[in-house]
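Asks: Numbering (this note's numbering), first residue to last: 80 to 561. All C-beta atoms in this analysis are idealised placements derived from N, C-alpha and C, irrespective of residue type, glycine included. To start, I am sharing the structure in question, which I have written as structure tokens.
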Ligand SMILES: [Zn+2]
């Protein structure tokens with residue numbers, strides 16, 4: 080029997096606020112342990128939470144961009160469970176009246192166009208602290224707890240199980256990450272756990288419309304890990320079903336060392352958490368004016384920017400998609416084009432030399448931190464365009480720009496890469512022609528292919544610093560075939 084996967088995601092995004100969601104503690108990443116805490120986020124008796132208005136506004140922006148319905152009234156509930164990194168013994172979340180429901184995200188599937196993935200709900204909650212398990216030591220019977228992260232605003236975006244393939248899952252995760260970056264809602268650093276994907280996956284016979292038993296997988300800290308995990312789960316669940324067994328509803332953890340998932344706990348239901356409205360927090364009213372203002376303040380979103388790039392800069396749709404998949408990249412491109420108006424060439428350099436290096440640097444590497452600044456790329460393209468350097472030399476200069484962060488004009492000067500003066504090329508061409516009488520004869524016979532061979536020799540003799548156009552003209556002229 081052939082099975083098809085049914086996939087949904089819960090996205091957890093730490094919001095980009097200066098302070099926590101119920102108190103004024105800072106949210107600076109990497110601060111010394113337990114220095115960003117107060118009675119509220121430590122869950123001390125009598126301490127009362129107050130909603131961070133900025134976190135709520137960011138959440139409304141995300142809900143609006145994801146086409147959700149935002150109810151007039153929304154409120155907060157307690158999700159009760161015990162865990163050492165949760166000092167209150169409950170998490171403040173939104174169970175009954177979340178701030179957004181029933182939206183969608185259009186995902187980009189390249190040549191296959193776009194597909195609409197449903198958003199079931201969006202709710203604002205708080206992150207927990209971190210358990211630190213001492214590594215390397217044997218016979219350690221304790222863990223340490225850092226509560227700096229406890230109370231960091233966390234937005235949870237729950238999709239409907241609309242995803243059917245690994246390619247769609249990848250497009251969804253990238254699309255969601257891109258949207259959150261565009262909205263400046265989260266810095267989305269997956270390696271730091273600031274953006275986390277939780278995967279729900281079940282299998283069903285192809286063509287069936289009922290849902291199979293789903294499994295939840297946590298502990299996924301990069302998009303590539305989620306994709307590996309999908310492969311593994313499809314295989315694991317297929318094996319169980321083919322042997323006539325039943326998939327168990329449970330939470331599983333990804334084991335990166337063994338590339339498998341393993342049971343974490345049997346699935347609990349929402350009843351187990353004894354959700355009830357938090358009596359310490361009031362109902363929040365979202366007015367029509369506020370919704371309207373938030374909709375008006377939304378920035379240009381990825382798919383709109385992509386269409387504009389293709390149209391305004393005359394670059395292929397595919398390239399526009401790559402350049403706008405991430406806001407830093409899109410801003411980089413526009414900054415470079417503002418400095419030198421040659422969008423096609425700027426795009427080509429970015430699509431090849433730059434993206435390859437960013438990919439090598441890992442999923443979190445962004446254009447904003449790239450050693451070659453947009454102005455430097457613009458200068459390089461300008462130097463090629465006005466024949467200050469040849470394309471060949473530019474290929475030598477670029478790696479030095481990446482290495483040193485220096486401007487190309489400085490590198491060309493210091494490395495002696497300036498093109499040879501046209502008047503200095505002629506003696507080199509004459510010498511090459513003298514050494515290759517056979518090829519010269521061929522050219523004079525009309526076999527123009529030989530010009531390429533001679534040009535190659537001249538370029539080698541000049542270290543790539545001769546203008547190819549000049550070399551070609553000179554060869555023709557000196558062979559008398561012009
Ligand atoms: Zn605090």
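Could you name the residues of the same chain whose beta carbon sits closer than 6 Å to that of residue 345, not counting the 5 residues immediately before and after it, in chain order?
Replies: 329
Asks: Report back the beta-carbon spacing between residue 116 and residue 262 to the nearest angstrom; my notes put them in contact at under 8 Å.
Replies: Their Cβ separation, rounded to whole angstroms, is 28 Å, which puts residue 116 and residue 262 out of contact at 8 Å.
Asks: State yes or no: is the C-beta of residue 115 nearer than 8 Å to some heavy atom of ligand 1?
Replies: yes
Asks: Could you tell me which whole alpha helix (DSSP H) segments of length 4 or greater appear in the segment 352-403?
Replies: 367-376, 381-392 and 396-403
Asks: Please report the straight-line C-alpha distance between residue 454 and residue 259, rounded to a whole angstrom.
Replies: 27 Å
Asks: Please specify which runs of the alpha helix (DSSP H), each continuous and at least 4 residues long, are wholly inside the segment 285-317, giving them in chain order.
Replies: Runs found: none.
Asks: When the Cα of residue 240 is compared with those of 318, 305, 177 and 86, which residue comes out closest?
Replies: 86
Asks: What number of angstroms, rounded off, separates the C-alpha of residue 410 from the C-alpha of residue 549?
Replies: 37 Å
Asks: Give the single residue among 121, 470 and 154 whose Cα lies nearest to the Cα of residue 209.
Replies: For residue 209, the closest alpha carbon among the candidates 121, 470 and 154 is that of 121.
Asks: Using only the alpha-carbon positions, how far apart do residue 104 and residue 308 sit?
Replies: Each residue's CA atom was taken as its position, placing residue 104 and residue 308 some 36 Å apart.
Asks: Thinking C-alpha only, which one of 119, 136, 200 and 160 is nearest residue 25?
Replies: Here the chain comprises residues numbered 80 to 561, so residue 25 is not present and cannot be evaluated.
Asks: DSSP on residue 254, reduced to helix/strand/coil?
Replies: It is helical.
Asks: Looking at ligand 1, does it come within less than 8 Å of residue 119, judged from the CB to the closest heavy atom?
Replies: yes
Asks: By alpha-carbon positions, which one of 506, 406, 142 and 380 ends up nearest to residue 545?
Replies: 506
Asks: For ligand 3, I want to know if residue 103 counts as a neighbour, meaning its beta carbon is within less than 8 Å of at least one of the ligand's heavy atoms.
Replies: This structure simply doesn't include ligand 3; it includes ligand 1 instead.
Asks: Give the straight-line distance between the Cα atoms of residue 247 and residue 324, rounded to the nearest whole angstrom.
Replies: Between the C-alpha atoms of residue 247 and residue 324 there is a straight-line separation of about 28 Å.
Asks: Would you list the residues sitting across from residue 198 in a DSSP beta bridge?
Replies: According to DSSP, which records beta bridges pairwise, residue 198 is partnered with 182 and 238.
Asks: Verify whether the separation of the beta carbon atoms of residue 363 and residue 98 is less than 9 Å.
Replies: No, the Cβ-Cβ distance between residue 363 and residue 98 is not below 9 Å.
Asks: Check residue 343 in the structure and name its three-state DSSP category.
Replies: Residue 343: strand per DSSP, three-state reduction.
Asks: Check the DSSP bridge columns for residue 323 and list the partner residues they point to.
Replies: For residue 323, which the question treats as bridged, DSSP gives no partner whatsoever.
Asks: Candidates 443, 448, 480 and 264: which alpha carbon is nearest residue 457's?
Replies: With distances taken between Cα atoms, residue 457 lies closest to 480.
Asks: Please classify residue 194: is it buried, with 16 or more other beta-carbons within 10 angstroms of its beta-carbon, or exposed?
Replies: Looking at its Cβ environment, which holds 16 or more other Cβ atoms inside 10 Å, residue 194 is buried.
Asks: Rounding to the nearest angstrom, what Cα-Cα distance links residue 245 and residue 475 in this structure?
Replies: CA-CA distance, residue 245 to residue 475, rounds to 39 Å.
Asks: When the Cα atoms are used, what is the spatial distance from residue 302 to residue 478?
Replies: 28 Å
Asks: Exposed or buried, which one is residue 383 when buried takes at least 16 other CB atoms within 10 Å?
Replies: exposed
Asks: May I ask you to check if the CB of residue 99 is nearer than 8 Å to at least one heavy atom of ligand 1?
Replies: yes
Asks: DSSP three-state label for residue 525, please.
Replies: coil
Asks: Flag this pair as touching only if the segment 483-490 and the segment 512-531 have three or more C-beta atom pairs under 8 Å; answer yes or no.
Replies: Not touching, per the Cβ criterion.
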